[in-house]
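Just below is one structure, and these are the notes that go with it.
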DNA sequence: CGCTCGATGTCATTTAGTGCCATCACGTTA
DNA sequence: TAACGTGATGGCACTAAATGACATCGAGCG
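Chains as they are written, first to last, in the working numbering: chain A, 250 to 437; chain B, 250 to 437.
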């Protein structure tokens with residue numbers, strides 16, 4: 250299997266299969282590499298560590314988010330700009346990807362180690378979003394607060410989207426969550 | 250040093266010293282145990298893993314938070330109850346503990362591994378806070394959103410408190426951050 | 001004194017992760 | 001066509017985290 254194309258993709262697919270079959274902790278990196286027809290050493294050339302095989306590509310989400318925030322109308326208040334970013338993210342969560350997203354989410358939910366990694370990825374997204382807000386002239390701590398709040402909205406919307414058997418549109422879920430947050434903040 | 254009292258405290262002190270001297274990654278568990286006059290095996294009896302030596306005791310913060318939320322006036326809206334919880338937390342961050350908190354925060358900031366652990370501890374606190382809100386009759390997703398927003402406020406307030414050479418009161422910082430969040434949510 | 005029990009030590013083992021160098025397949029060039 | 005260079009992969013050795021099984025120590029108690 251050496252020299253077959255798409256070694257990284259094969260490793261990702263093998264990892265997903267094995268995590269679903271035996272669980273994350275019961276799967277060794279050597280197992281994954283073997284199923285992909287490669288070796289442990291090669292696995293660590295593509296992924297910084299065992300968890301990363303489930304998270305690679307998250308930079309593209311961050312880029313999409315930041316781009317949408319940057320392009321939002323200059324007059325848009327911080328949370329409105331964040332909403333634009335969230336909707337850009339939503340474009341990645343289509344009906345076709347729902348099955349994969351749900352499987353991946355189930356694996357992550359089964360392991361604290363993986364939850365940690367997910368949290369730091371979301372924190373990185375929040376940091377990038379806060380930087381984009383600052384570039385729009387938003388000061389601190391407003392930028393950090395708005396960015397973190399937006400990521401919270403994203404987490405809530407995403408978990409609802411994943412849990413739903415009949416996935417509704419992601420946009421509607423984010424709008425609902427954001428509205429709820431606004432109501433909470435408006436309460437005396 | 251075997252049978253000397255407070256093995257756990259000695260391990261924590263040794264770890265903090267070594268992390269400050271050499272950095273977290275350059276310190277092995279064997280190093281810590283040796284300085285504490287114990288062995289690696291004993292370290293892992295007190296702490297689930299190497300990172301946990303910096304985080305043990307966080308359950309007490311969670312308890313204080315939850316207790317304050319539970320005891321808040323029944324009519325208090327969700328974010329007001331969260332504010333009560335945050336102020337209860339603030340009681341733990343006194344001027345005497347400022348030095349320790351700053352050193353600990355600097356160590357955590359130096360290592361992604363430790364940041365991951367901190368994030369999951371905060372997530373656990375948010376989950377407990379959300380459960381406390383639900384017990385007060387708050388529905389979902391409002392409970393999760395309010396709890397996560399409160400933790401965001403806490404993070405902002407805490408980082409400002411730590412960074413400050415002349416530590417102001419923690420209460421004032423949380424109130425400011427919460428007010429900023431309310432303003433953001435109120436913007437069109 | 002001898003016993004029991006909790007805390008600690010010792011040893012072996014698995015696995016994640018990394019550095020170093022060898023090897024392979026492929027394209028380029030002479 | 002043969003030599004060469006290059007990027008991807010394998011092989012091997014090594015460190016350190018983490019865990020299980022079992023031995024040992026020290027203190028209190030009858």
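C-beta atoms are modelled at their ideal positions from N, C-alpha and C, and glycine is treated no differently. Keep in mind it's a predicted model, so treat the numbers as computed, not measured.
Does the Cβ of residue i have 16 or more other Cβ atoms within 10 Å, making it buried, or fewer, making it exposed?
| i | result |
| --- | --- |
| residue 320(B) | exposed |
| residue 298(A) | exposed |
| residue 290(A) | exposed |
| residue 409(B) | buried |
| residue 306(A) | exposed |
| residue 428(B) | exposed |
| residue 390(A) | buried |
| residue 353(A) | buried |
| residue 253(A) | exposed |
| residue 346(A) | exposed |
| residue 397(B) | buried |
| residue 434(A) | buried |
| residue 308(A) | exposed |
| residue 365(B) | buried |
| residue 381(A) | buried |
Would you mind giving the Cβ-Cβ distance between residue i and residue j, rounded to the nearest angstrom? I have them listed as a contact below 8 angstroms.
| i | j | result |
| --- | --- | --- |
| residue 350(A) | residue 411(A) | 6 angstroms |
| residue 242(B) | residue 395(B) | Absent from the structure is residue 242(B), since the part of chain B shown begins at 250 and ends at 437. |
| residue 371(A) | residue 400(A) | 5 angstroms |
| residue 378(B) | residue 331(B) | 7 angstroms |
| residue 256(A) | residue 281(A) | That belief does not hold up - the Cβ atoms of residue 256(A) and residue 281(A) are roughly 12 angstroms apart, past 8 angstroms. |
| residue 393(B) | residue 402(A) | Wrong, their Cβ atoms sit about 10 angstroms apart, outside the cutoff. |
| residue 418(B) | residue 359(B) | Wrong, their Cβ atoms sit about 27 angstroms apart, outside the cutoff. |
For residue i, which of the options has the nearest alpha-carbon?
| i | options | result |
| --- | --- | --- |
| residue 258(A) | 353(A), 285(A), 334(A) | 285(A) |
| residue 310(B) | 325(B), 336(B), 295(B) | 336(B) |
| residue 383(B) | 318(B), 294(B), 271(B) | 318(B) |
| residue 333(B) | 263(B), 295(B), 316(B) | 316(B) |
| residue 260(A) | 272(A), 270(A), 295(A), 271(A) | 295(A) |
| residue 301(B) | 271(B), 348(B), 368(B) | 368(B) |
| residue 268(A) | 287(A), 283(A), 355(A), 348(A) | 355(A) |
| residue 386(B) | 324(B), 303(B), 265(B), 270(B) | 324(B) |
| residue 304(A) | 436(A), 425(A), 271(A), 373(A) | 373(A) |
| residue 265(B) | 344(B), 357(B), 287(B) | 357(B) |
| residue 436(A) | 329(B), 283(B), 271(B), 426(B) | 329(B) |
| residue 422(A) | 407(A), 432(A), 270(A) | 407(A) |
| residue 388(A) | 426(B), 420(B), 362(B) | 426(B) |
Taking 8 angstroms as the cut-off, does the region 265 to 277 of chain B touch the region 329 to 344 of chain B (at least 3 CB pairs, one atom from each stretch)? Counting Cβ pairs under 8 angstroms, fewer than three are found: no touch.
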